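The block underneath contains the structure these notes are about, expressed in structure tokens.
Residue numbers (the working numbering): 253 to 444.
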């Protein structure tokens with residue numbers, strides 16, 4: 253097996269794109285103008301880029317897993333067009349209060365639990381201590397804390413409000429205005 257590589261684990265809604273609630277059609281999917289530039293910076297710096305996203309819309313019957321895959325491919329295509337790369341995309345379709353019985357479960361993949369990140373680490377050969385989780389919620393930082401990597405809270409999406417209400421036992425290594433700010437911080441603070 254080749255040497256493990258660090259990764260940037262990115263939350264999707266509120267971090268890469270505008271959080272428009274349950275995004276069930278392309279018209280509601282709006283990338284932040286800096287998102288592809290930030291992903292390109294991570295790619296150029298040698299990080300694997302992995303999206304980790306809770307998709308309770310599946311559990312609530314608002315859209316299916318096929319739509320999640322379609323939107324995933326759309327995001328990968330947009331990144332590629334901008335000279336960036338997304339190496340992995342992991343999502344949790346579950347919810348304890350799901351309307352669709354098949355998705356009603358207490359799983360280990362729904363953030364703040366670290367199941368998606370741990371699965372990505374196994375499948376993609378990720379060096380967790382040299383990695384970082386970037387997101388707009390404390391639950392993203394809880395994933396970072398659980399897997400032993402750094403966490404950056406961004407103030408887009410729910411982040412500005414979340415930053416005002418720290419959670420006991422959950423920490424962030426940095427709080428940045430947005431994903432491009434997080435990219436600059438990460439490049440200025442590399443892990444050896």
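The beta-carbon is built from N, C-alpha and C at its ideal position, and this holds for glycine as well.
As the structure is a prediction and not an experimental result, all values here were calculated from the model.
Item: Spatial distance of residue 274 from residue 341 (CA atoms); Value: 18 Å
Item: CB contact flag (residue 439, residue 363, <8 Å); Value: no
Item: Coarse secondary structure for residue 323, derived from DSSP in three states; Value: helix
Item: Bridge partners - residue 247, DSSP secondary structure assignment; Value: Residue 247 is absent from the model: the chain starts at 253 and stops at 444.
Item: Beta-carbon proximity of residue 258 to residue 299, cut-off 8 Å; Value: yes
Item: Segment limits, alpha helix (DSSP H) that includes residue 397; Value: 390-399
Item: Residues sharing a beta bridge with residue 378, DSSP; Value: 257
Item: Nearest residue (CA-CA) to residue 401, options 417, 415, 408, 373; Value: 373
Item: Residue 300: first and last residue of the uninterrupted beta strand (DSSP E) it sits in; Value: 300-306
Item: Euclidean distance between Cα positions of residue 329 and residue 292; Value: 13 Å
Item: Beta-carbon proximity list for residue 288, same chain, < 7 Å, skipping 5 on both sides; Value: 330, 331, 334, 336
Item: Cβ neighbour criterion (16 or more within 10 Å) applied to residue 442; Value: exposed
Item: Residue 335: first and last residue of the uninterrupted alpha helix (DSSP H) it sits in; Value: Looking at the DSSP string, residue 335 is not in any alpha helix (DSSP H), and its letter there is neither H nor E.
Item: Cβ contact check for the segment 261-277 and the segment 381-388: 3 or more pairs under 8 Å; Value: yes
Item: Any 3 or more C-beta pairs closer than 8 Å across the segment 373-382 and the segment 407-426; Value: no
Item: Nearest candidate by alpha-carbon position, reference residue 448, set 395, 278, 294, 399; Value: The shown model of the chain, from 253 to 444, leaves out residue 448, and the question about it has no answer.
Item: Residue 421 classed as buried or exposed, judged by whether at least 16 other C-beta atoms fall within 10 angstroms; Value: exposed
Item: Nearest-angstrom beta carbon gap, residue 345 and residue 395 [assumed within contact, 8 Å]; Value: Their Cβ separation, rounded to whole angstroms, is 17 Å, which puts residue 395 and residue 345 out of contact at 8 Å.
Item: Helix, strand or coil at residue 355 according to DSSP, with G and I counted as helix; Value: helix
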